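Under UniProt numbering, think of the first position of the first sequence as 1, with each following residue one higher.
Following: one structure in structure tokens, then a few remarks.
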Amino acid sequence: MNYNFNEIEAKWQKYWAENQTFKASNSSDKPKYYVLDMFPYPSGAGLHVGHPLGYIASDIYARYKRHKGFNVLHPQGYDSFGLPAEQYAIQTGQHPAITTKDNIARYREQLDKIGFSFDWSREVRTSNPEYYKWTQWIFIQLFESWYDLEADKSRPVSELQEIFAAEGNTRIKAACDDDVEDFSAEVWNKFSSEEKQRILLKYRLTYLAETEVNWCPQLGTVLANDEIVNGVSERGGYPVIRKKMTQWSMRISAFAERLLKGLEDIDWTESLKESQRNWIGKSVGAHVDFKIQGTDHKVGVFTTRPDTIFGVTFMTLAPEHELVKEITTDAQKEEVEAYIEATAKRSERERMADVKTISGAFTGAYAEHPFTKEPVPIWIGDYVLAGYGTGAVMAVPCGDQRDYDFAKHFEIPIKDIFENADISEEAHSGKEGTVIANSDFLNGLEYKEALQKAILKLEEIGAGYGKTNYRLRDAVFSRQRYWGEPFPVYYVNGLPQMIDLEHLPLHLPEVEKYLPTETGEPPLGNATDWAWDTAANKVVSNDKIDDETVFPLELNTMPGWAGSSWYLFRYMDAGNGDVFASEEALDYWENVDLYIGGSEHATGHLLYSRFWTKFLKDRGHLKVEEPFKKLINQGMILGTSAFVYRLEGENKFVSKSLIDGESVQPIHAPVAFVNSSDELDVEAFKNWRPEFKDAEFITEEGGAYVVGREVEKMSKSKYNVVNPDDICEDFGADTLRMYEMFLGPIDQAKPWNTAGITGVHSFLKKLWKLYIKNDQFEVSEEKASADSLKTLHKTIKKVTEDIENFSFNTSVSTFMICVNELNAQKCNSREVLELLAVLIAPYAPHIAEELWSKLGHSESISTASYPEFEEKFLVESTKNYPISFNGKMRFTMELPMDMSKDEIEKTVMADERTQKQLDRRTPKKVIVVPGKIVNIVG
RNA sequence: GCCUUGGUGGCGGAAUUGGUAGACGCGCUGGAUUCAAAAUCCAGUUUCUUCGGAAGUGUGGGUUCGAUUCCCACCCAAGGUACCA
């Protein structure tokens, strides 16, 4: 009667699949509970032991909730568009769809072996046309919407047109581009259709705009920051420059305030909310316009400190600022142009991170101070970013450290506008208690008053107004890639037109090559059939383009976050062909009750999906304001890489401890070749690659070659990947599940080390043995002992609390303690063991099912209800008091629970160990906390 | 640089509201069993020690009868930093 985990696990996995045990129904008398894992990208390397960490945690919770009587939705699917499959296609020519399909098949096989309780009938893949049809549809909804700042919600563009026709655009408050001009209803009605479209584009929630990208001329493509290493492309090492490009953007900034406020009502960790708050970056201040002398231009700046406006001694513009070229004087032209070119080579991140090097150039132009009318020199500097605020700052060196450093460096005057502030060494950036001086009408005012008054005066003279600024920028939505959702967009005279829902999905076209075209167009530019026939409503050959009825289609594709911003709703009604999800399904499931995933998504995916949810709600497609009610972060599982050390220039490897000052080159060795004592299987290593076939090994005395170890991200290229399949094969899925939980707190990163897995495995063997008597499966029907009941209920209490707190590592320890105790008590009672099987079922479902069926049940253990904790089994009559001296515990004393404070003190003081510790000293004070501790001071 | 998280034995980690630091597991040491090994079981395992004790939770301060826990400053590591997912 051994614990044959391979047999048991295969049996129950088959049972669950055949009986659709975990299929969720969209209607039930039970309360609903929706548990979701962050969308996996099916990578070519397959699943490694780090991936399932969060899935195991959510599966435990989902199974726990089922025992607790909930109708649980726990689906899974794939975020299957993405760059890696495209890179692979570029290298090998294999279509990304094929790669993706294979990868998904492998993922599924691996996931199935771990025994997850997923409802696979609801699987979705973002790269399936049936799925991306709805992603395209959402894009169209965004295009057909604008944001009404007064009503604080998105509204249809048709309504905006009605407003324009009736009253022009001067009265409405809408989120729009900065450069819209005022027009009356009369003017609007006289505009041509094209002019109207151009203006409406400035209001739409998704719009075309010029944005900066990392352009690599040699590769002819745009690169992700990720693909740039030290300023050059990762592939090939070519230079990368910043370049402007017309792209689709999402007006997420319109939602900034709601995204910020919404954080108050969701159960996410404070740190995650803080990250989003910082990302949104709300700041209250003023917009100030500075006239540029000798021109009609003005430069707008945003400042949080309008109270310091009299301290302005220069202005700094981002080198990319649109006015730079126009205002630069001939004398400064050369210097400015050289500086702009140098800046274009630096990434935004570099510019933000580098605060040590101060650089800039004088444009030769002067602005006019709005109050003093004094000339203010205009500089450019790369510490000002173009996409940030207005891309220009009014520099107040006495009150801002970066301005101060810049002024010192370029010997620009620093004007002191504070009472009693020392600005000889650094800027005075404090606000509280600061009194303004040397500032005309602001003199003698304290920060807060000065701020108000400055804004008031700016408004009076028409040079500015109070403004709230957000750091959050509109999100660029175009990608110059092949493997993404095509935009349902064609162009008539350069103006974007949407394809009707009834003709969607617009399928991704076939191309010969996945690279950009020779003329630098995105990969879809290689497609020969990529034109839209508006008469036939279908995709036709490019030669048919006549700009009469056949028009060119958009060549960009959507980014990775398009499909993942709304997938949670698709699971509610995955197969629906008429709508993205039916109203009934959406009403029933509402939103995700528990979401588990990595904190690396804090400001990307988690913000975008909140944005789309709010938008879809505004337009009446959803009833919920937030997608994820509760969110738990999962930490990364790191790999423990192994290194062998090759002597420089030789094919000779030295064991780690024998390296003695020689110059060695560390090389990653596959972790599979290394045992738990860090010894390398030299033969396996030699056979691994031809270049090592004849290598020599300088070993330790016993003949072993010892490798070096280092904790790094788990990745194929580091040869430190540990595969869950192997673990399932050798120890079983239940062991893997419990071991991953046992490793440490779910939210913390931790290194994977297989060494400890035997402990968890032998725990399961011990658990199994509790149900075995005389080598037979047998449990006693007799009453359990008081000790055993106490053990059981202690465990129920702790494990339940732990699950509710997502402290899975401690509950595994608790199970171990429980089994150790029951073992010592020789407990074999059904009364205890039956409940224990249910208790452990969420963690180790296979063994629990097997035990449950052997206990005589015919239904799956997932239908059993969760054990109830009963306090009465845990009542204690005594407490083992720690007796400490000056806070240090020296010995313990067993005393009755109901003993009074005075009695405790008397008993403790009378004890000879106390007298020995005191060594004839008289204690100054004795602190007694009944039920807790005794501390003797002195 | 900025934002977020973390730092406790040889290792992963535990420690309700400030109240016995090191639970549980690995590893290691010794023993039992075995022809032997695996497996299993038992005992020990923070460090130093003059064997009385003493020190100890990244570093340095502070609050407190008492700090891994609270406060201040610093050091180190990981994640994010807007086109990796």
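Note that CB positions come from ideal geometry on N, CA and C, so glycine has one too.
Keep in mind it's a predicted model, so treat the numbers as computed, not measured.
Residue i classed as buried or exposed, judged by whether at least 16 other C-beta atoms fall within 10 angstroms
i	result
Val284	exposed
Thr211	buried
Ser117	buried
Phe685	buried
Val355	exposed
Tyr203	buried
Asp593	buried
Thr791	buried
Ile698	exposed
Phe777	exposed
Thr99	buried
Gly82	buried
Lys614	buried
Gln915	exposed
Asn809	buried
Val229	exposed
Residue i (DSSP reduced to helix, strand or coil)
i	result
Arg258	helix
Ile60	helix
Ser283	strand
Thr303	strand
Leu851	helix
Pro217	coil
Glu210	strand
Asp354	coil
His601	helix
Thr363	strand
Gly54	helix
Asp112	helix
Asp403	helix
Val72	strand
Option in the options with minimal Cα separation from residue i
i	options	result
Gln161	Leu149, Glu432, Asp152, Ser145	Ser145
Glu150	Ala254, Thr791, Lys766, Arg481	Ala254
Ser359	His369, Trp379, Arg349	Trp379
Leu345	Glu650, Asp382, Asp660	Reading off the sequence, residue 345 comes out as Lys, not Leu. Lys345 has its Cα closest to that of Asp382, out of Glu650, Asp382, Asp660.
Thr534	Thr528, Asn526, Ala527, Lys544	Lys544
Ser347	Phe815, Ser233, Val511	Ser233
Thr295	Ile667, Ser478, Ala338, Thr328	Thr328
Phe628	Glu264, His846, Pro488, Ser829	Glu264
Ile436	Ala338, Tyr55, Glu419	Glu419
Lys716	Pro670, Leu658, Ile499	Pro670
Leu445	Ser599, Tyr465, Ala427, Ile417	Ile417
Thr907	Ile936, Arg921, Glu583	Ile936
Asn184	Ser192, Tyr33, Asn169, Glu683	The residue asked about is misnamed: residue 184 is Ser in this sequence, not Asn. For Ser184, the nearest C-alpha among the options comes from Asn169.
Ile60	His74, His48, Val49, His51	His74
Glu425	Gly391, Ile414, Glu432, Tyr55	Ile414
Ala864	His846, Pro559, Leu895, Ala841	Ala841
What residue ranges within the segment 443–488 form continuous alpha helix (DSSP H) runs of no fewer than 4 residues, ordered along the chain?
You should have 447–460.
If we count Cβ pairs, one from each stretch, closer than 8 Å, do we get three or more for the segment 401–408 versus the segment 446–457?
No: fewer than three Cβ pairs fall under 8 Å.
Assess contact between the segment 585–603 and the segment 537–556, defined as three or more Cβ pairs (one per stretch) separated by less than 8 Å. Is contact present?
Verdict: no, contact absent.
Stretch pair the segment 878–897 + the segment 834–853: three plus CB contacts closer than 8 Å
Short answer: they don't touch.
Does the segment 824–834 come close enough to the segment 758–771 that 3 or more CB-CB pairs lie under 8 Å?
The segment 758–771 vs the segment 824–834: in contact.
Answer yes if the segment 308–321 comes into contact with the segment 494–501, meaning at least three C-beta pairs across the two stretches below 8 Å, and no otherwise.
Segments in contact, no.
May I ask you to verify whether the segment 670–682 touches the segment 597–610, counting CB pairs closer than 8 Å and requiring at least 3?
Result no; under three Cβ-Cβ pairs closer than 8 Å.
Does the segment 513–527 touch the segment 214–234, meaning 3 or more C-beta pairs lie closer than 8 Å?
Verdict: yes, contact present.
Please determine if the segment 643–652 and the segment 703–719 are in contact, where contact requires at least 3 C-beta pairs separated by less than 8 Å.
Yes, the segment 643–652 touches the segment 703–719.
Return the chain-ordered ranges of every beta strand (DSSP E) run that is complete within the segment 658–741 and spans a minimum of 3 residues.
Entirely contained in the segment 658–741, the beta strand (DSSP E) runs reaching 3 residues are, in chain order, 664–669, 696–698, 708–713.
Does the structure place the segment 64–83 close enough to the segment 647–662 that three or more beta carbon pairs sit under 8 Å?
Verdict: no, contact absent.
Could you say if the segment 741–750 and the segment 855–863 meet the contact criterion of at least three C-beta pairs nearer than 8 Å?
With a cut-off of 8 Å, the segment 855–863 and the segment 741–750 do not count as touching, because too few Cβ pairs lie within range.
Do three or more CB pairs link the segment 320–334 to the segment 472–490 at distances below 8 Å?
Of all C-beta pairs linking the segment 320–334 to the segment 472–490, fewer than three are shorter than 8 Å, placing the two stretches out of contact.
In chain order, which beta strand (DSSP E) runs of at least 3 residues are fully inside the segment 122–155?
Listed in chain order, they are 145–148.
For the pair the segment 49–67 and the segment 612–627, tell me if three or more CB-CB distances fall below 8 Å.
Too few Cβ pairs lie closer than 8 Å, so no.
Taking contact to mean 3 or more Cβ pairs, one atom from each stretch, closer than 8 Å, check whether the segment 475–482 and the segment 239–248 are in contact.
A contact exists between the segment 475–482 and the segment 239–248.
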